[in-house]
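The block underneath contains the structure these notes are about, expressed in structure tokens.
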Amino acid sequence: MNPELSYASKPAEPESAPQNFFSRLVGVWFSPGETFAEIGRAPRVLIPTLLLMILAGLSAYMLTDRYGYENMVKRQMESVAKSGLIPEDRVEEMTRQATTPSAIMRGKIQGIVTPAIMTLVILLILAGLFKAFSAIMGVKNTFKQIFSVSAYSFLAIALIFTVVFAASIYLKDPTEIDLLNPVGSNLAAILALMGVSLPKFVMGVASFVDVFSIWRLALLAIGYSAVSQKMKVGTAAAFLVVLYVLVAMIGGAMASLFG
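0 is the number of the first residue of the sequence shown in numbering that gives the first Met the number 0; add one for each residue after it.
Printed below as a string of structure tokens:
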């Protein structure tokens, strides 16, 4: 990726009818620069956002279905007990309370709805942060343009990730599934496969060095540059990398507590 490249700085092309959803989605995979520039001229957010939320809920459902809700609750209770947040002698009692028929029903519904809502929240926060960064840099764009780029970027990666995710959990024994790292497309999974033992914080941070995440960051950088006047891809990428490193540090801290 050329850091000096800025799709937004190219001469304006004659306006044409906006591409349909499927053309845009395919374009994000194979010609992201031109596609994001077109998205910027006519941003649309509803369909990609809804599909992305559905995929998030679907992935959560598949993981729960394959691993087993009761097993998942027990595993989570044991992790919380190891962190010292609850006494170990209360794990069995709390697990029993959380696996009554009504609790299981509520838990399964929450397990699907929560990731979907969190996906929307992440898109809103990301778009808001980049809009604020753009304002500080004196770069012109709109929140809807940024949000549309975010939604299409996340969706393009999520579609491929969901297929890999489904294959990863349904082709292996449920007891071998790592709930925190089910796909294993990151540095932490490689280190674990090699038998390397590192502190939980380091492994948590390493889990963010992920193929899909890096691809997503690249698409976002290209897209944000395409809808922002006179902003280079490198500038957008720098902002995203700094933000992602901060998120990785928080993730590492959470892994050290609950991993």
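C-beta: ideal position from N, C-alpha, C; glycine also. Keep in mind that this is a model prediction, so the values were computed, not measured.
Query                                                                                                   : Result
Cβ-Cβ distance between T98 and E69 below 8 Å                                                            : yes
Paired residues, beta bridge with N185 - DSSP                                                           : D209
Segment contact, 8 Å Cβ cut-off, at least three pairs: the segment 53 to 61 with the segment 155 to 166 : yes
Anticipated Cβ contact below 8 Å, S206 with G250, distance rounded                                      : 7 Å
Simplified DSSP assignment, three categories, for D177                                                  : coil
Under 8 Å between C-beta atoms of F126 and F153                                                         : It is worth fixing the name first, because residue 126 is Ala in this sequence and not Phe. No, Cβ-Cβ distance for A126 and F153 is not below 8 Å.
C-alpha distance - P17 paired with V226, whole-angstrom precision                                       : 15 Å
Best match in M52, V195, Q96 for proximity to I116 [C-alpha to C-alpha]                                 : M52
Y223 beta carbon less than 8 Å from that of V148                                                        : yes
Coil, strand or helix - M202 by DSSP                                                                    : helix
CB contact flag (V112, K229, <8 Å)                                                                      : no
Candidates F200, K231, I221, W28, of which the one nearest V246 by Cα                                   : F200
Meets three-Cβ-pair contact criterion under 8 Å: the segment 93 to 108 and the segment 207 to 223       : no
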